[in-house]
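Participant: One line per chain: the protein sequences are A, B and C, in this order. The first sequence begins at 1 in our numbering and counts up one residue at a time. The second sequence begins at 1 in our numbering and counts up one residue at a time. The third sequence begins at 1 in our numbering and counts up one residue at a time.
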Amino acid sequence: MDNIDTFIEKFITAVDFQEAVEITPDTVLKDLPEWDSLAALGVIVLSDMEYGKTITGEHLKQVTTVNDLYQLLT
Amino acid sequence: MSVAQDPFSLSGKRVLVTGASSGIGRQIAITCSQVGAELVISGRNPERLQETKAALQGEDHLAITADLSQQEGIDQLVAVADTLHGVVHAAGISKLVPFRLINKQHLTDIFDSNTFAPMLLTRDLLVKKRIAQNGSILFISALASHSGAVATGAYAASKSALLGAMRSLAIETAKQGIRANCIAPGYVRTPMLDGLAQGGANMDELIARTPLGIGEPEDIAHAAVFYLSDASRCLSRHYTFIDGGLSIPLDIYA
Amino acid sequence: MSAQAFSLQDKTILVNGMASGLGQVIAQACSQRGAKVLPAAQPRQPIHGLVHCVDHALECAVADLSEAELTRLFHSNVVQPVMLTQQLLQTDSLAPNASIVFLLSTAAHMGAKGQGAYAASKAALLGMIKCLALEQAAQGIRVNGVSPRADEAIWPDVANSVIFLLADASRWITGTSLLINGAGSDSASRSQMETGAAA
Ligand SMILES: NC(=O)c1ccc[n+]([C@@H]2O[C@H](COP(=O)([O-])OP(=O)(O)OC[C@H]3O[C@@H](n4cnc5c(N)ncnc54)[C@H](OP(=O)(O)O)[C@@H]3O)[C@@H](O)[C@H]2O)c1
């Protein structure tokens, strides 16, 4: 199972940040300047392809931080 | 012989419909049976396939459970197909994946079901001479083949591949009078569309852009009947958008 | 019932250019499928289908084309059907969910020597079809075309495509045109299909 650092690396690839951002487990998703529908879709696909978990946009809305997401997927 | 046969009727014709366990394929099968066709229907899920069979009008229909991404599945279907006057390839899968997350597995999954299955099934039916003279082969593509919406890279590619395949096939089968066409739907109310919404797409916003509103499976089924019937016997190599006008203002031919 | 979707029962169809050979075949086919066919609009008679069959041919290399000929051709093939459509819209003569079908030609889609003026007049209708389809979609009015090759033998098949576009079976189809190329049923249409196939 991926540790949180590996997860954050994959998260950064999935979201495709144009401007480098520092992501920590406490980063709040909604505060990310590039958090939009395509970014959310990237996370949904990451969840499915890398962690074999099907999540929906509704699940994502209930998630606050990067660590919450990590807990949800792993 | 008193009344000439209605050119829009399918009576006396045997039609194979794949993807008949759900959505568009299911409705195509039902509508074809209502205009007189004898059906061979196929899908993966046996329960839902039987439900479709029960909804067909008339007797003598055949239901075959098969996964067409596997050669064994294709073999099973071809073995029982007998003589067909029409084939509708409605089986297909879709999944939204941003281009940067596409991997080989995703491409293989999408192309196996959407592109290779209909091409290989058609090949085997032709080689085994299962398709009658003046038969009609219909592929179900998607507007995405030309519009290439966000995160449809693999799906759009798998569907535009059908365009070239169909055009080449239509020339090769013309001397037997066998026609090949493709209809490319816009947004149609089916479980697939629900799946896209689940997968993170904002479908309401997309559907709102369709000038005539969201399509129903019946709308695609009626077009399928036209392409299978003798009313369209002079039409081949078509790639027709059936989309409630969604493609009209797009730049897809520019 | 699905057979109903391909019927023209209870529909009034106006055939513009009914005197022409193809116009007659289309009018007859529509009435056989249950439509009431009119050659011209009548007061208080809502129209469910409008088929434009006017089709004037002109074979002339662009280098030899006169302005008068070009103008005359555009007037008969474009201005007449478009202005008639406009008049019916302005007088609310078209029923909600009416279907309008323009007669195009393969020439609208494919180039051929000597067809410049004719092809341009038919391609002009393609542009008109798309924009009118968008403008009228809110009323449920659909606008499409049929593009047959020049061959009297396929007129009954052209009529069947027109019937499909007029009937409720095509209620979600708008802004498009159906190419009626003969499907390679004879050597002429087959060789046309094969040209350039491997390029
Ligand atoms: N709905 C739309 O808005 C839309 C728009 C454009 C194009 N299309 C196309 O229309 C077709 C039908 O779509 P739909 O909306 O009706 O989707 P759907 O409700 O998800 O149905 C898809 C059907 O394809 C079958 N299928 C998929 N993969 C298969 C395989 N490998 N082997 C055998 N059967 C397989 C499914 O079988 P099981 O369910 O039994 O597994 C099901 O019967 C698809 O090709 C789709 O791409 C749909």
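Note that the Cβ used here is the ideal one computed from N, Cα and C, for glycine as well. None of these values were measured; they are calculated from a predicted model.
1) With DSSP as the reference, please indicate the residues paired to residue 286 of chain B in a beta bridge.
2) Going along the chain, which residues of the segment 190-213 of chain B sit with their C-beta nearer than 7 Å to a C-beta in chain A?
3) Among the residues of its own chain, which have a CB less than 7 Å from the CB of residue 23 of chain B, if the five just before and after it don't count?
4) Listing by chain order, which chain C residues have their CB less than 7 Å from the CB of residue 241 of chain B?
5) Is residue 168 of chain B helix, strand or coil by DSSP?
6) Give the residues of chain A in contact with residue 14 of chain B, contact being defined as C-beta atoms less than 7 Å apart.
7) Can you tell me where the beta strand (DSSP E) with residue 83 of chain B in it begins and where it stops?
8) For the candidate residues B:246, B:184, B:231, B:227, whose alpha-carbon lies nearest to that of residue 208 of chain B?
9) Report the option in C:134, C:96, C:160, C:168 whose CA atom is closest to the CA atom of residue 29 of chain C.
10) Quick one: list the residues of chain C neighbouring residue 133 of chain B, beta-carbon separation under 7 Å, in chain order.
11) Let me check one thing: in DSSP terms, what residues is residue 180 of chain B bridge-paired to?
12) Quick one: what's got a C-beta closer than 7 Å to residue 154 of chain C's C-beta in the same chain, skipping five residues either side?
13) By alpha-carbon positions, which one of C:171, C:15, C:60, C:5 ends up nearest to residue 211 of chain B?
14) Identify, in the order they occur along the chain, each residue of the same chain with its Cβ nearer than 8 Å to the Cβ of residue 113 of chain C, setting aside the five sequence neighbours on each side.
15) With a threshold of 7 Å, establish whether the CB of residue 322 of chain B neighbours any heavy atom of ligand 1.
16) Counting Cβ pairs, one atom from each stretch, are 3 or more of them under 8 Å apart for the segment 139-146 of chain B and the segment 172-190 of chain B?
17) Quick check: the Cα distance between residue 26 of chain C and residue 100 of chain C, rounded to an integer number of angstroms?
18) Looking at residue 81 of chain B: is its Cβ nearer than 8 Å to the Cβ of residue 19 of chain B?
19) Quick one: list the residues of chain C neighbouring residue 148 of chain B, beta-carbon separation under 9 Å, in chain order.
20) Going along the chain, which residues of its own chain have a beta-carbon closer than 7 Å to the beta-carbon of residue 1 of chain B, five neighbours each way excluded?
21) Verify the CB distance criterion: does residue 2 of chain B have a CB-CB separation below 8 Å to chain C?
22) What residues match up with residue 89 of chain B in a beta bridge as DSSP calls it?
23) What's the C-alpha gap between residue 47 of chain A and residue 63 of chain A?
24) According to the Cβ coordinates, are residue 155 of chain B and residue 104 of chain B closer than 8 Å?
25) Just to confirm the assignment: which complete alpha helix (DSSP H) runs, minimum length 4, are found wholly within the segment 107-168 of chain C?
26) To which residues of the same chain is residue 5 of chain B closer than 7 Å at the C-beta, ignoring the five residues directly before and after it?
27) Could you have a look at residue 217 of chain B and say whether DSSP puts it in helix, strand or coil?
28) Taking the beta strand (DSSP E) that residue 12 of chain C belongs to, which residues open and close that run?
29) Which same chain residues, not among the five before or five after residue 51 of chain A, have their C-beta less than 7 Å away from its C-beta?
30) Using DSSP with H/G/I as helix, E/B as strand and the rest coil, what is residue 1 of chain B?
31) CB of residue 227 of chain B to nearest heavy atom of ligand 2: below 7 Å?
32) Roughly how many angstroms separate the alpha carbons of residue 41 of chain B and residue 86 of chain B, rounded to a whole number?
33) Using alpha carbons as the reference points, say which of A:34, A:10, A:11, A:8 lies closest to residue 18 of chain A.
Facilitator: Working from what's here:
1) Any property of residue 286 of chain B remains undetermined from this structure, which presents chain B solely from 1 to 254.
2) 198, 199, 200, 202
3) 190, 191, 192, 217
4) 176
5) helix
6) By Cβ distance, chain A contributes nothing, its closest Cβ being about 39 Å from residue 14 of chain B, past 7 Å.
7) Unbroken run through residue 83 of chain B: none, as it is neither H nor E.
8) B:246
9) C:160
10) None at all; the shortest Cβ gap to chain C is about 11 Å.
11) Paired residues: B:137.
12) 148, 180, 182
13) C:171
14) 61
15) This structure cannot settle anything about residue 322 of chain B, because the visible part of chain B is limited to 1 through 254.
16) yes
17) 14 Å
18) no
19) Within 9 Å Cβ-Cβ: nothing; residue 148 of chain B doesn't reach chain C, min ~19 Å.
20) Any reading at residue 1 of chain B must be qualified, since the residue scores a pLDDT of 36, below 50, and its modelled position is unreliable; no value is offered.
21) Only weak support is given to the placement of residue 2 of chain B: the predicted model assigns it a pLDDT of 39, under 50, and the value that follows is read from those uncertain coordinates. No, its Cβ sits nowhere closer than 8 Å to a Cβ of chain C.
22) B:18, B:139
23) 14 Å
24) no
25) Qualifying alpha helix (DSSP H) stretches, in chain order: 116-136, 155-166.
26) none
27) helix
28) Taken as a continuous stretch (DSSP letters only), the beta strand (DSSP E) holding residue 12 of chain C covers 12-16.
29) 73, 74
30) Legend: pLDDT at residue 1 of chain B = 36, less than 50; position of this residue unreliable, value from coordinates given subsequently. Looking at residue 1 of chain B - three-state DSSP - the assignment turns out to be coil, as it is neither helix nor strand.
31) Summarising the ligand content, the structure contains ligand 1 and does not contain ligand 2.
32) 12 Å
33) A:34
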